[in-house]
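Down below is the structure, laid out as structure tokens.
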Amino acid sequence: MSDQHDRDRGRRQGPAGRSAFSGPRRRSVFDTGRPWPRRHPKATALLAVLALVIVAAVGWGAVELSGPDECADGVRRVTVEFYGEKREECVGVTATYAFDSRYERLMRRIEAENEFAAKGTHVTVAYLGPLTHPDPRVLHRLEGAVAGQHRANREDLVGDRPRIRLVLANTGSDAGQWRQVSETLAGMVGGKDRLVGVAGVGLSQRQTLLAAQRLSRAGLPMVGDIVTADMLNKSKADGLARVNPRVDEEIAVLARHVRERTRFRKATLVSHSDPDDYYTAALAGSFKTHLRDLWKAGGSAEYPFGKNPGNEFSVIAGNLCSADRPDMVFYAGRALDLPKFIGYLSTSTCGRDPITIVTGSDAVLLTVDGAENKKALDALASTQRPLTLLYTPLAEPSLLKDERHNPDADRFRAFQAAYESMGFDPEHLRTGWGVMAHDAMLTVTRAIRLAAGAGGAVPRPGNARSTLYLINTPSSAVPGASGTIRLDPTTGDRVGLRLPVLRLRPDRGIDFLGMYPSPARTG
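Quick note, the working numbering runs 8 ahead of the 1-based positions in the sequence shown.
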């Protein structure tokens, strides 16, 4: 994030003097809910020492408080180390404060929709995640969530009462503030806040699991939108469901395509080594399961890499130039590092032998404008080393709006029309994150309104959590923009998906290679 951006954020208090909630001042992320009494200086010093001990014990790592400064009511300023860069961010729960300058128009939309919701019987849903993460898809995700709130309140999709009020809950770019933010959300259950559900939840990482487990103890239903790691479901946190496909489904579909439509001989696995990144761990495991024969034919080679992996990628690219070189690489990493990997691979001294990179849904980040992405796409177009990238997306708009591939194409077009009418850029839908967030909002709203009954009364979170797992029949299914949504009541995972296999083109377009039903989950 640039220095200018930091200065702008420091000046921007949004509606900082306004509370995220109606009524008296609410507690911030670090408040106990009681007034802070005056303390003796020695007691204050002792408390400061104890606080440092607690920080070390709970493993906040590089996250530190930057004094008592508040960005806004209920939102605190912290310093986070992200990919080796220290940055100031604002974390907490709000309905009015823009965590990033990109979100200012978005917050006006939320305020307007919340005012509409407050005119009738209403409840609150929190959209939770690392909302200051620099990934441009975070904005797409929030736009989809706001579109979902708007449509849930104003269209005949999933009932009409109670209305939905939305707050944003930011855990920081590294999700390091998950504990404080989830505690705040747990404290909003009951009383005037009427928090009865959570959408989004986070990325596929350890911090998301810990937050979900805390919210599970508060009895809240949670619907993930891009939580793809297989282990992150009801089995680990009761109350958790998700509308997105799982990593194992993505790789199973890719494996079927590879076996039926290609003649690859051998593969090598390149994997991220962070044990707390459940997405990349799930990718590595699924590659070894579904394409094990090709991996074994390549010598069962696995090359791990860590953060800022330029030097490691240089070595890995060289290792792939062995005499018995693979024709396929399983990339079990985040798309944030993928352009750099493609760059090293394209300039390696392996001659002109073609190689295909196969990876998961996160690869769609390469379709977003940016200098690093452009370099990677240029490398795909280079004749120096023919490279191909195959992946399975979360949701591909060009297919969702096409009746040949989607029997519910009219639903997607209606969603896109509503999305554009709110002033959002339809280009942002290409990543699929906005589509998924919209569907997560509709799904948690369906659970809330099923629990509310015919009278539309305010339900208890526990009742909404129970009805969430009843979304498994045609009569209770959610008419999502990505298709009809039904959930497995045992796992909370979405069922009945059909997933495409795509090839990324150098012009940011995609080639459709096939559509496959998601295999039934085993084990």
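Glycine is no exception: its CB is placed at the ideal position from the N, C-alpha and C atoms.
Asked	Found
Exposure label - E135; buried when at least 16 CB within 10 Å	The displayed chain sequence assigns Tyr, not Glu, to residue 135. Classification of Y135: buried, given that the 10 Å Cβ count is 16 or more.
Candidates V206, A183, G184: closest to A194 by CA position	V206
C-beta neighbour in chain B for D77, strict 8 Å	Reference to chain B is not applicable here, since this structure consists of a single protein chain.
With 16 other Cβ atoms within 10 Å as the buried cut-off, status of C98	buried
As assigned by DSSP and simplified to three states, the class of I118	helix
Length-filtered (3 minimum) beta strand (DSSP E) runs lying within the segment 391-429	395-399
8 Å Cβ cutoff met for A249 and L402	no
Alpha carbon of V166 to alpha carbon of R267, nearest angstrom	40 Å
Same chain, Cβ closer than 7 Å to P467, five either side skipped, listed in chain order	V204, I456, A459, A460
Rounded straight-line distance, which links the Cα of N178 to that of F107	8 Å
N178 - partner residues in DSSP beta bridges	G100, G137
R502 Cβ short of 7 Å to the ligand SAH heavy atom set	Among the components modelled here there is no ligand, and therefore nothing to report on the ligand SAH.
Alpha helix (DSSP H) runs wholly inside the segment 156-227, at least 4 long, in chain order	186-195, 214-225
Sub-8 Å separation of L397 and A371 beta-carbons	yes
Among V154, G463, Y286, the one whose alpha carbon lies nearest that of A340	Y286
Where P525 falls, given that 16 or more other Cβ within 10 Å makes a residue buried	exposed
For P525, the residue or residues it bridges with in DSSP	R506
Check whether K274 and D182 have beta carbons under 8 Å apart	no
Distance CB(V503)-CB(G522) smaller than 8 Å	no
Pairwise C-alpha distance: H158 and R149	14 Å
Integer-rounded CB distance, given that G208 should sit under 8 Å from A448	6 Å
Of the residues D77, T216, A80, L373, the one placed nearest H436, counting alpha carbons only	L373
Nearest-angstrom beta carbon gap, S279 and E310 [assumed within contact, 8 Å]	6 Å
Environment of A292 [buried if 16+ CB atoms lie within 10 Å]	buried
Terminal residues of the beta strand (DSSP E) in which H280 lies	275-280
Unbroken stretches of the beta strand (DSSP E), 3 residues or longer, contained in the segment 446-512	486-488, 491-495, 506-512
Own chain, CB closer than 7 Å to C358, minus 5 neighbours either side, in chain order	L328, C329, R333, R393
G442 in three-state terms, based on DSSP	helix
Residue from A489, Y111, G232, D377 with nearest C-alpha to D416	A489
Cβ separation of Q221 and A237, assumed to be a contact under 8 Å, to the nearest whole Å	With 8 Å as the limit, Q221 and A237 do not qualify as a contact, their Cβ atoms being about 15 Å apart.
Neighbourhood of L114 by C-beta distance below 7 Å, restricted to the same chain and skipping five residues each side	L150, E151, V154
Close-in-space but distant-in-sequence residues of the same chain around A263 (CB under 8 Å, 5 per side omitted)	H298, L299
Sufficient close CB pairs (3 or more, under 8 Å) joining the segment 377-390 to the segment 344-358	yes
H446 vs G137 beta-carbon contact at 8 Å	no
Limits of the unbroken beta strand (DSSP E) element including E310	310-313
Among F90, R95, T102, the one whose alpha carbon lies nearest that of V83	T102
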